[in-house]
Structure formats: structure tokens, C-alpha cells
Amino acid sequence: MLREERPGLQAERTLLAWDRTALAILANGALLLVSNVDRNDVLRITAAVVAVAVALLAAYLGRIRVQQIVDAARRHQVVNAGPAMTLLAGGVLLLGVLELATFLRY
Amino acid sequence: MARVTSWRTLRRAGDRPVLPEAEEADPDYRFTLANERTFLAWMRTALGMLAGAVALVHVAGNKHASTTQRSLAVVLACLGILICLTSVRRWQVVQQAMRRGEDLPPSRHPLLFSVAVALVGVAVVVLLLNGGSRL
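Residue numbers (the numbering used here), protein chains in the order written: chain A, 1 to 106; chain B, 107 to 241.
Dropping the structure here:
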């Protein structure tokens, strides 16, 4: 039954989900740089740099968050909501806005 | 509203499930993690839309992209940005429902975003068929 399930498996899946998200962000950054290169498009390059930063943030947040939850579960403590979700969504939103700006440049 | 007690962990060693004393209590951490993974799946969906938008405009070259390409890219990017907002809210709402032992409220987001992306896809197909290799 549920009670006997080892706590590690769900945590591992969640960590992998965070890492997949970080990779998806990184892929967005790579896509921005692969495009037909206009070296003067500072906005595009800024967006790519932001993508890398947000990807690293996602990887970091994922590790912190999963460790937090597993520790709290082990000690039967309350898990607080934490800022991780909002931070990630904020980072992706920022990336979206920058990309939007590049589309409207010309 | 039907109360779902299955969100709670069995905190006692005995066989009898114990009802929580407080109105709100922490759900089983596995449900918290499942909620988190769902949020992350939404994030990847948003990133997929942003990638589609970038592909429409930048891959052929930003200067050479047509107005149609830009318009569709703007629509996709806006959808991606919108998901960032709706998915955080959804995650909070679900977390709260689990804490209160309530059923999860239904969400129209999956349907709405699926329809929106499908429409953009149809537009791309129509434009490709009409315009040949360039939109």
C-alpha cells in the first residue's frame, strides 16, 4: 500500500521533472542563438543569456525544493509553499517578454 | 462538497485511519510532489510555445520574417506568457484544496490552451499551402 512505498521514488521523479524543465529553458536559449545570425540584435542575445540564467536557476531551485520536501516528510513537518514556483514562472515569463520584444523589433 | 480524506497521511502506527483535528493539514507529500510535477509540465508547455514562436521568426532571420509570421509568433509567445500566470494560480488552488481535503476544482485551462494552439497550427498549415515555401 501507499504507506510502504519508499519516499525516494517520487522525489526522484520530481527532481527529474525540474531538470527536464531546466533543459527545455536551455533549448529555448539555444534556439535563439542558432537563428540566422544578426550580430547587432542585442535583444536576442540578451534573451539567450537570460535563458541560460533561468535554466541554471531552475536546476538549483529543483534540488533545494525536493530536498526540502523529503526532509519535511521524513520529520512529519509542514511543507511551506515556498517561492520556487513563482520564481520559475517569473523567469520563464521574463524570457517570454524578451522574445516577444525581439519579434516586434522590425 | 464531498470531503476527501485520502490526501492525508496515516500518521498513527495502527490500522485505523485517523481524521485530522485541524481544518487544514498538510497533504501526503506525494500529492504535493504530484502537484509540483503538474506545474512543471505546464511550464514545459509554455516553453514549447515560446520555442515555436522563436522558430517562426528567428530561424529564417528576424529581418526577413513576414508580418504573418510575426503575428503568429506574437500569439504563441502571449500564450506562453499567459500559461506562466495561470499555472502558478492553479498550483496554489490545488495545493489549498488538498490541504482542506476537498475535491480538486475543475480547470478549463487544458482545453482552452489546446484549442488556441490548434488554431495557430491550422493557420500555419493554411498559410503554407497558400504561400508555398514562404508564409
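Think of the CB as a built atom: it goes at the ideal place given N, C-alpha and C, for glycine as much as any other residue.
The alpha helix (DSSP H) runs of length 4 or more contained entirely in the stretch 175 to 218 of chain B do not exist; there are none.
Residue A:Leu9 holds the alpha-carbon nearest to the alpha-carbon of Leu139 of chain B among A:Ala27, A:Thr21, A:Leu9. Burial of Gln201 of chain B is indicated by the presence of at least 16 other C-beta atoms within 10 angstroms of its C-beta. Residue state for Ser220 of chain B is assigned as helix, using DSSP reduced to three classes. For the alpha helix (DSSP H) assignment, the uninterrupted runs of no fewer than 4 residues enclosed by the stretch 6 to 68 of chain A are, from N- to C-terminal side, 7 to 34. Cβ-Cβ distances below 6 Å link Ala171 of chain B to Val163 in the same chain, with the five nearest sequence neighbours on each side left out; the list follows chain order. At a cut-off of 8 Å between beta carbons, Gly96 of chain A contacts chain B. Taking the Cβ atoms as the reference, Leu57 of chain A lies roughly 7 Å from Leu87 of chain A, within the contact range of under 8 Å. For Ile69 of chain A, the neighbours in chain B by C-beta distance under 7 Å run, in chain order, Tyr135, Thr138, Leu139. In this structure, Val160 of chain B sits away from Asn40 of chain A, with a CB-CB distance that is not shorter than 8 Å. Contact check between the stretch 65 to 76 of chain A and the stretch 178 to 192 of chain B: fewer than three CB pairs, one atom from each, fall below 8 Å, which does not count as touching. Using a CB distance below 7 Å, the part of the stretch 14 to 35 of chain A facing chain B consists of Thr14, Ala17, Trp18, Arg20, Thr21, Ala24, Ile25, Ala27, Asn28, Leu31, Leu32, Ser35, ordered along the chain. Annotation: the continuous alpha helix (DSSP H) that includes Leu156 of chain B extends over 135 to 163. In this structure, Val92 of chain A places its C-beta atom within 8 Å of the C-beta atom of Ala152 of chain B. Using a Cβ-Cβ cut-off of 8 Å, Thr86 of chain A counts as an interface residue toward chain B, since at least one Cβ of chain B sits closer than that to its own. For Val78 of chain A, there is no enclosing alpha helix (DSSP H), as DSSP gives it neither H nor E.
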